[in-house]
């Protein structure tokens, strides 16, 4: 096997203010990098010192077997801007390494898995503190050293923070206990797993990305036992949350996810052929975040929706003949920061997308057979949002509902009825603050709705709606487990049961389930043979 040269480029972007500097002494932080060797062979770290920053490892240092190399340490202040360091390292093409980029002052820790098997590209903005963002990008291949900014120049522009958005007056809810939640998250809450029910067989399946970037799945058999985590084909590595759809017509399932190269991939299962390998959608568009995926039971078609690196929303669909379209952009007059959610209305045969714009406002667009796609339309803009909204359709009542977390940490919802259209945003109670993204399930047998989310203290809470009693207050689940991942939530019509999946702070997937006779179980771990990623 030939050796491959990979490189990681660190660019300090100046803050978006006059003169490039903030008032007063410039804030500082330190970027540090580590190369983790997951193979049994040596990794050679070769540093390219371009800008005169402190680099803690001398060129040519080796690590053998499983081990880490502390590769660089770069102090940056808010007025520097534009300084670049490049870490080059050599590895054999079948080896795997990962980068850990962290800030030691008021920053977040982000893990970006990279598997050096084929030329790949990946980049992301990492936020340190309130005003400072740094672009992390790498690109590599045999004999290559390319700055990713040359290929995606829009990614390397300064990424200014949005001006503070005034929060709406908090709604009062005397039925809830006093607010004892901290104002900021104890742990960042990130990706959710993909979780679905096979209504034909009564089995369930969950898929999630491991910290090694590989996609894993576990499923519940007809006897009620869960398998351990099983890896899909590991020739593609992923970031973000996967999405899954089940086709009851053909008894097939399909999973879509974002690769570390920014391309959306899919893999599908048939009873006769088992799982296919990963196949890429049209690679002419690169994406960020997590895709949304849905099946139209009336037409037998499927649709994938995702946000490009340019912030534009794109979609691709599979026709009844089995062919996928290329990526088509929706109206470009709105750009998006968050990942989309989709819902299909089986009564009206309509399809709708909701997502948070870069201005923090929630937007939606919808498709009708007679009129095609609408333009993007803003919901009431008196609330600004973060994360991915939960969006669902109630086939019994003929209504739709969106639930999302505001920038103030409060959970809001809005609903649609055929007689009144969309409501404004209504708080589900201001006494608890949430992080990450919520999940929602409709019990079409009982005409009830339920929302689950992780609070800022890492505990899971739920609230539910009944036609006779309205919305309950927030009720905690068993607090023995703290969560770092957003939940997935589903209702199984065969047994009239509900189930939640979420990743704990220890990287283990936990689930809890509800039965009409027994109520909610405690948290039970799935197999711990794989550590799962949450961001």
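Numbering (mature numbering (1 follows the signal peptide of the UniProt record, and there is no 0)), first residue to last: -18 to -1, 1 to 517. C-beta atoms are modelled at their ideal positions from N, C-alpha and C, and glycine is treated no differently.
Whole-number beta carbon distance between residue j and residue i, since they are thought to touch under 8 Å
| i | j | result |
| --- | --- | --- |
| residue 422 | residue 372 | 4 Å |
| residue 406 | residue 362 | 5 Å |
| residue 377 | residue 328 | 6 Å |
| residue 273 | residue 288 | 4 Å |
| residue 220 | residue 242 | 7 Å |
| residue 396 | residue 174 | No, residue 396 and residue 174 are not in contact; Cβ-Cβ is about 21 Å, not under 8 Å. |
| residue 332 | residue 349 | 6 Å |
| residue 463 | residue 444 | Actually they are not in contact, since the Cβ atoms of residue 463 and residue 444 sit about 14 Å apart, beyond 8 Å. |
C-alpha gap between residue i and residue j, whole angstroms
| i | j | result |
| --- | --- | --- |
| residue 453 | residue 446 | 6 Å |
| residue 325 | residue 216 | 30 Å |
| residue 201 | residue 210 | 8 Å |
| residue 442 | residue 424 | 18 Å |
| residue 275 | residue 455 | 31 Å |
| residue 360 | residue 290 | 20 Å |
| residue 339 | residue 401 | 27 Å |
| residue 307 | residue 346 | 22 Å |
| residue 298 | residue 196 | 24 Å |
| residue 167 | residue 381 | At residue 167 the pLDDT is 29, less than 50, meaning the model places this residue with poor confidence and gives no usable figure here. |
| residue 460 | residue 485 | 15 Å |
| residue 499 | residue 476 | 15 Å |
| residue 292 | residue 379 | 38 Å |
| residue 491 | residue 353 | 43 Å |
| residue 414 | residue 206 | 35 Å |
| residue 394 | residue 404 | 14 Å |
| residue 512 | residue 208 | 14 Å |
| residue 230 | residue 399 | 27 Å |
| residue 391 | residue 502 | 26 Å |
| residue 526 | residue 249 | Only positions -18 to 517 of the chain appear in this structure, which leaves residue 526 out of reach. |
| residue 303 | residue 186 | 28 Å |
| residue 247 | residue 271 | 13 Å |
| residue 495 | residue 199 | 19 Å |
| residue 253 | residue 204 | 15 Å |
Residue i - DSSP class collapsed to helix/strand/coil
| i | result |
| --- | --- |
| residue 437 | strand |
| residue 387 | strand |
| residue 514 | strand |
| residue 209 | coil |
| residue 519 | Nothing about residue 519 can be reported from this structure: the residues present for the chain run from -18 to 517 only. |
| residue 270 | strand |
| residue 343 | coil |
| residue 459 | coil |
| residue 380 | coil |
| residue 245 | coil |
| residue 230 | coil |
| residue 298 | strand |
| residue 443 | strand |
| residue 505 | coil |
| residue 474 | strand |
| residue 429 | coil |
| residue 401 | coil |
| residue 315 | coil |
| residue 109 | Here residue 109 scores only 33 on pLDDT, less than 50, and its place in the model should not be relied on; the value that follows carries that caveat. Strand, per DSSP. |
| residue 282 | coil |
| residue 361 | coil |
| residue 291 | coil |
| residue 484 | strand |
| residue 215 | coil |
| residue 191 | strand |
| residue 74 | Residue placement at residue 74 is poorly supported in this model, since its pLDDT is 40, which falls under 50; the coordinates still yield a value, given next. Residue 74: strand per DSSP, three-state reduction. |
| residue 222 | strand |
Beta-carbon proximity of residue i to residue j, cut-off 8 Å
| i | j | result |
| --- | --- | --- |
| residue 300 | residue 312 | no |
| residue 473 | residue 483 | no |
| residue 190 | residue 514 | yes |
| residue 277 | residue 227 | yes |
| residue 321 | residue 370 | yes |
| residue 367 | residue 342 | yes |
| residue 222 | residue 240 | yes |
| residue 356 | residue 336 | no |
| residue 440 | residue 193 | no |
| residue 257 | residue 316 | no |
| residue 466 | residue 487 | yes |
| residue 384 | residue 344 | yes |
Cutoff 8 Å: residue i Cβ touching any chain C Cβ
| i | result |
| --- | --- |
| residue 501 | Although the question refers to chain C, the structure presented lacks it and comprises just one protein chain. |
Indicate whether the contact test is met: 3 or more Cβ pairs, each with one atom in the segment 230 to 248 and one in the segment 430 to 444, closer than 8 Å. No, the segment 230 to 248 does not touch the segment 430 to 444.
Determine contact between the segment 412 to 427 and the segment 436 to 451, defined as no fewer than three beta-carbon pairs at a distance below 8 Å. yes
Check whether the segment 278 to 285 and the segment 257 to 266 are in contact - that is, three or more C-beta pairs closer than 8 Å. no
Assess, as a yes-or-no matter, whether the segment 214 to 233 is touched by the segment 495 to 511 under the definition of 3 or more beta carbon pairs within less than 8 Å. A contact is defined here as three or more CB-CB pairs under 8 Å, and the segment 495 to 511 fails this definition with respect to the segment 214 to 233.
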